Amino acid sequence: MEDRLQAVLEQLDNTQGAQLDRLDQLLRIPSVSTNPEHSDDVHAAAELCAQYLSDAGLDASVRMTSGHPMVVAHSGGDANAPHILYYGHYDVQPPDPIELWESPPFEPQIKDGPHGQRVVARGAADDKGQLMTFVEAIRAWTESGGGLPVRITVLLEGEEESGSPSLDPFLEAHAEELKPDVCVVSDTGMWDANTPAITTTLRGLVYLDVTLHGPSHDLHSGMMGGAVVNPLNELAAILGSLHDDQGRIVVEGFYDGVEEPSDEQKSQWSQLDFDESAFLQEAGLTASTGEVGRTILERLWTRPTLDINGITGGYGGPGAKTVIPSHASAKFSCRLVPGQDPSKIESALIEHLQQRTPEQCRWDIESHGCNPAIQVSDASRWLDAAQHGLEQIWGRRAILMGCGGSIPVVGSFQTILGAESLLIGFGLDDDRVHSPNEKFDLSCFHGGTRSHAAVIAAFAQAIER
Ligand code: BES
Ligand code: ZN
């Protein structure tokens, strides 16, 4: 197996130019899933991924859903070999605000950075660059490793950035076809540019979109101001009182079930040598805020949050307009941790708003999804195998870390396929995911392809291990 792996790694090292060309082609497609104007682009990205997977030796197809398509590919192979399900998403976030990009978001450019060269484009790290790490590893095993030593299924989604509405029905309808021994998800980060990581916790998410309606139409603030309700004043006050002065969220029952990390967990994290100032510097800040008395890693990995993601209402154009808006809207979301029930949190938030409905006003409330926090097992033969493969490539053990973000598919794999996931990703904290000038370092891309190649070899041996 070691000889075969060496041949695969050599193949990867010798074909880097072609790999980057393929990534470039994928990054050029503006597959923004949340915007219906881009649905043909989302479809085109699915077709290109299926083409890459079939070139990599898999039996690949684009499967229609009621939303954007899924790409599914199978390797076939020895029925006794481990069956691994690889997941990534080929959709991307909108590039907005577009004027802040230093080069066009869908015209990938190779630029220099502190960790060497990087590719700059929307989706470079989240998640096209990452999904291509395992697609290229699979291709290299097919082309020069004498064929894959495990059975592989690949599932690529086109709706991850827009709430995955088709995912659960698709998994339910195809559970028998997809059911693996273990899933590998490449959509998270490394510890730092030289240290791989396996993520073992993800936060959940509840997202609400609310509008407070008051007067039947916009009013002159001189003629009526002070005598009638202003929905924008009221909404701002309600949103402004969701946190107390200790940074805690005041919604009734919000912290029910939230557990404190164990002393052992805290001491393991304190040994991680987390560089707080570098982390903050990336955001242009010098101090962390949040719940009083918590470290940054505790705040990110173990505590629930409530963040306002957008507020609109009234006049936002140039100059001044003396108006009392007829309505005001806000989008806000909570990151959840294990122990919190997303639907209870959603109901508690709605109840909180309704109890505070200002006189003469009414709410329109829309939910954009609700998913729980995830804890994946940090002890399994698959994890041991992944550790072994990663150590071969990076010369050091992977850090087991938490993640503040959400990847709902991991929960669906647990509940619908009955399968655990290994979250092995190659992003860095400075990748600017969801932001202008998103990038993926080439060292992460090539390290990622090599890592997946080595982890495939380790999985093949995991049965004997
Ligand atoms: N790849 C991210 C999740 C992530 C974020 C991992 C940061 C590591 C670091 C994923 O594509 C994502 O953005 N998920 C959304 C989920 C939501 C739309 C349900 C998120 O976390 O906001
Ligand atoms: Zn992602």
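Throughout the sequence shown, residue numbering follows the working numbering, covering -6 to 458 in sequence. We treat Cβ as the ideally placed atom computed from N, Cα and C, and that holds for glycine. Everything numeric in this text was worked out from a predicted model, so none of it was measured.
Residues near the ligand ZN, CB to any non-hydrogen atom under 6 Å, in chain order? His82, Asp119, Asp120, Glu153 and Asp180
Would Gly151 pass as a contact of His82 if the rule is Cβ separation under 8 Å? To locate residue 151, count along the sequence shown from 1; it is residue 158. To locate residue 82, count along the sequence shown from 1; it is residue 89. Contact: yes.
Can you tell which of Ile301, Gln44 and Lys104 has the C-alpha that lies nearest to the C-alpha of Ser234? Position 241 of the sequence shown, counted from the first residue, corresponds to residue 234. When each option's Cα is compared against that of Ser234, the closest is Ile301.
Between the alpha carbons of Tyr200 and Asp6, how many angstroms are there, rounded? Here the question's residue 200 lines up with position 207 in the sequence shown. Here the question's residue 6 lines up with position 13 in the sequence shown. Distance between the alpha carbons of Tyr200 and Asp6 is about 43 Å.
Here's the rule: buried if 16 or more other CB atoms are within 10 angstroms of the residue's CB, otherwise exposed. What is Gln333? Position 340 of the sequence shown, counting from 1, holds the residue named residue 333. Under this definition Gln333 is a buried residue.
Provide the residue span of the alpha helix (DSSP H) that contains Ser336, from first to last. By 1-based counting over the sequence shown, the position of residue 336 is 343. Counting along the chain, the alpha helix (DSSP H) containing Ser336 begins and ends at Pro335 to Gln348.
Is it the case that the CB of Gly182 approaches a heavy atom of the ligand BES more closely than 7 Å? As a first step, residue 182 must be located in the sequence shown, where it is residue number 189. Indeed, a heavy atom of the ligand BES lies less than 7 Å from the Cβ.
Please identify the residue among Ile77, Ser319 and Ala453 whose C-alpha is closest to the C-alpha of Ser214. Locating residue 214 in the sequence shown gives position 221, where the first residue counts as 1. With distances taken between Cα atoms, Ser214 lies closest to Ser319.
Grouping DSSP H, G and I as helix and E and B as strand, with all else coil, what is Cys176? On the sequence shown, position 183 is the one that residue 176 refers to. Here Cys176 sits in strand by DSSP.
Do you know offhand how far Val426's Cα is from Leu141's? Locating residue 426 in the sequence shown gives position 433, counting from the first residue. Locating residue 141 in the sequence shown gives position 148, counting from the first residue. Val426 and Leu141: Cα-Cα distance of roughly 32 Å.
Per DSSP, which one or two residues make a beta bridge with Asn364? In the sequence shown, counting from the first residue as 1, residue 364 sits at position 371. Per DSSP, Leu198.
Do Pro401 and the ligand GDP come close, with the Cβ less than 7 Å from some heavy atom? This structure lacks the ligand GDP; its bound ligands are the ligand BES and the ligand ZN.
For Gln239, count neighbouring Cβ atoms within 10 angstroms of its own Cβ and tell me buried if that reaches 16, exposed if not. The residue given as residue 239 occupies position 246 in the sequence shown. Exposed, by the Cβ-count rule.
Measure the C-alpha to C-alpha separation of Phe247 and Gly397 and round it to an integer number of angstroms. Residue numbering aside, residue 247 sits at position 254 when the sequence shown is read from its first letter. Residue numbering aside, residue 397 sits at position 404 when the sequence shown is read from its first letter. Distance between the alpha carbons of Phe247 and Gly397: 18 Å.
Reduced DSSP category for Arg458 - H, G, I as helix; E, B as strand; rest coil: Locating residue 458 in the sequence shown gives position 465, counting from the first residue. Bear in mind that a pLDDT of 43 at Arg458, under 50, signals an unreliable position, so the model cannot answer this.
List the DSSP bridge partners of His427. By one-based count along the sequence shown, residue 427 stands at place 434. Its beta-bridge partners do not exist; DSSP assigns none.
Return yes when the C-beta of Gly156 is under 7 Å from any heavy atom of the ligand BES, and no when it is not. Counting from one through the sequence shown, the residue named residue 156 turns up at place 163. Yes - the ligand BES has a heavy atom lying nearer than 7 Å to the Cβ of Gly156.
Where DSSP assigns a beta bridge to Phe325, which residues make up the other side? Counting from 1 along the sequence shown, the entry for residue 325 is found at position 332. DSSP lists Leu201 and Ile301 as partners of Phe325.
Can you find a heavy atom of the ligand BES that lies under 7 Å from the Cβ of Cys396? To locate residue 396, count along the sequence shown from 1; it is residue 403. Answer for Cys396: yes, Cβ within range of the ligand BES.
Out of curiosity, what's the CA-to-CA distance linking Ser32 and Ser24? Residue mapping note: residue 32 aligns to position 39 of the sequence shown, counting from 1. Residue mapping note: residue 24 aligns to position 31 of the sequence shown, counting from 1. For Ser32 and Ser24, the distance between alpha carbons rounds to 7 Å.
Could you give the DSSP three-state label for Ser209: helix, strand or coil? Position 216 of the sequence shown, counting from 1, holds the residue named residue 209. The answer is coil: DSSP assigns Ser209 none of H, G, I, E or B.
Any non-hydrogen atom of the ligand BES within 7 Å of Gly420 CB: Looking up residue 420 in the sequence shown gives position 427. Yes, since a heavy atom of the ligand BES falls inside the 7 Å radius drawn around the Cβ of Gly420.
Within a Cβ cutoff of 8 Å, which residues of the same chain sit near Leu415, ignoring the five residues on either side of it in sequence? Reading the sequence shown from its first residue, position 422 is the one you call residue 415. Cβ within range, chain order: Val175, Cys176, Val177, Val178, Ile191, Val369, Trp375, Leu376 and Ala379.
Buried versus exposed, by CB contacts within 10 Å (16 or more), Arg458: Position 465 of the sequence shown, counting from 1, holds the residue named residue 458. Since pLDDT at Arg458 reaches only 43, below the 50 mark, its modelled position is unreliable, and no value is offered.
Helix, strand or coil: which one does DSSP assign to Val128? Along the sequence shown, read from residue 1 onward, the residue named residue 128 stands at position 135. Looking at Val128 - three-state DSSP - the assignment turns out to be helix.
Could you tell me which whole alpha helix (DSSP H) segments of length 4 or greater appear in the region 222 to 304? 224 to 233, 256 to 263, 269 to 275 and 289 to 294
Since Ala168 sits in a beta bridge, which residues does DSSP pair it with? By one-based count along the sequence shown, residue 168 stands at place 175. None; Ala168 has no bridge partner.
Leaving out five residues before and five after Val275 in sequence, what residues of the same chain have Cβ atoms less than 7 Å from its Cβ? What you label residue 275 is simply residue 282 of the sequence shown in a count that begins at 1. Val is not the amino acid found at residue 275; the sequence shown has Glu there. Only Asp422 and Asp423 meet the Cβ criterion.
Pick helix, strand or coil for Tyr79, following the three-state DSSP scheme. Along the sequence shown, one-based indexing puts residue 79 at 86. Strand at Tyr79.
Would you call the region 108 to 122 and the region 62 to 76 touching, i.e. three or more CB-CB distances under 8 Å? no
The ligand BES and His427: does any heavy atom of the ligand fall closer than 7 Å to the residue's C-beta? The residue you call residue 427 lines up with position 434 of the sequence shown. His427 Cβ: within cutoff of the ligand BES.
Indicate whether Leu228 and Leu205 have their beta-carbon atoms separated by less than 8 Å. Within the sequence shown, numbered from 1, the residue matching residue 228 stands at position 235. Within the sequence shown, numbered from 1, the residue matching residue 205 stands at position 212. Yes.
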